[in-house]
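**Student:**
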Amino acid sequence: MMMITETTSPTLTFRSSPEPLISYMVSNIDDLVQCSKEAVYYQHMLLPSLPTFIKLVYQKCRLTPTVLVIGLIYLERLKKNLPQEAQGEYDTPYKLFLAAMIVATKYIEDYSSHALSIYKIVSPLYTSRELNEMERSFLGVLKFDLYVDITEMDKFVEEHQSIELELLSMV
-12 MMMITETTSP
-2 TLTFRSSPEP
8 LISYMVSNID
18 DLVQCSKEAV
28 YYQHMLLPSL
38 PTFIKLVYQK
48 CRLTPTVLVI
58 GLIYLERLKK
68 NLPQEAQGEY
78 DTPYKLFLAA
88 MIVATKYIED
98 YSSHALSIYK
108 IVSPLYTSRE
118 LNEMERSFLG
128 VLKFDLYVDI
138 TEMDKFVEEH
148 QSIELELLSM
158 V
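Residue numbers (this note's numbering): -12 to 158.
1) Note down the Cα distance separating S159 from Y45, rounded to an integer number of angstroms.
2) Between which two residues does the alpha helix (DSSP H) harbouring Q46 extend?
3) If I measure Cβ to Cβ from N68 and keep anything under 6 Å in the same chain, skipping five residues before and after, which residues do I get?
4) Closer than 8 Å by C-beta to V27: which residues in its own chain qualify, once you throw out the five before and the five after it? Chain order, please.
5) Check whether the region 87 to 98 touches the region 108 to 115, taking contact to mean three or more Cβ pairs, one atom from each stretch, closer than 8 Å.
6) H101: which of I150, Y29, T53 sits nearest, CA to CA?
7) What is the residue span of the alpha helix (DSSP H) that Y94 lies within?
8) Closest to I105 by CA distance: which of R49, F1, K66, V135 is it?
9) Going by CA-CA distance only, name the one from L55, A73, K66, P80 that's closest to V90.
10) Rounding to the nearest angstrom, what Cα-Cα distance links K142 and D136 in this structure?
11) What are the start and end residues of the alpha helix (DSSP H) that includes K107?
12) Measure the beta-carbon distance from L33 to V13 and round it to whole angstroms, keeping in mind my assumption that it falls under 8 Å.
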């Protein structure tokens, strides 16, 4: 386990490729809530597959591995707070991913450029109002528990070695 002092800021890097982390993100989100497999609304029919959607948002918004991991930690917290019988619509996994990424970027950035780029990229599918509603709902289920310390990130990296991440410290 890597030792990082409390006075340093963590940063995550990929040892090779982002693919293992993106694949883990897809499977994690797919398992959060039992969702309808039927695209009922026109908006649902415009959505690419979940893996393609996550990869596109990751690439076009230039999300960092740190944002992705903090988002995954938030999704784990969300799962603990949701009732076991929670169900969602066809696009619920997409909304959960977006909410986790928006909240993570806003929490760890001094400016919200990544959050704004997420809004722009998904604007044909979701309005700013819908994204704000997703964010508020997500925060409510999380009970605004957003703090992620270095130890928690280190633990995540250790428990998910197949994702091929490395936790570095920045002074």
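For every residue, glycine included, the Cβ atom is placed at its ideal position computed from N, Cα and C.
Since the model is a prediction, treat every value here as computed from it, not as a measurement.
**Tutor:** For this structure:
1) In this structure the chain extends from -12 to 158, so residue 159 is not present and cannot be described.
2) First-last of the alpha helix (DSSP H) with Q46: 37 to 48.
3) Closer than 6 Å at the Cβ level, and outside the excluded window around N68, lie V128.
4) Excluding sequence neighbours, V27 sits near E76, Y77.
5) Inter-segment contact for the region 87 to 98 and the region 108 to 115 is absent: fewer than three beta-carbon pairs are separated by less than 8 Å.
6) Comparing C-alpha distances from H101 to each of I150, Y29, T53 shows the shortest one belongs to T53.
7) Residues 79 to 95.
8) Looking at the Cα atoms, R49 is the closest of the given residues.
9) The shortest Cα separation from V90 among L55, A73, K66, P80 belongs to L55.
10) Taking the straight line from one Cα to the other gives about 10 Å.
11) Counting along the chain, the alpha helix (DSSP H) containing K107 begins and ends at 100 to 109.
12) 19 Å between Cβ atoms; not a contact.
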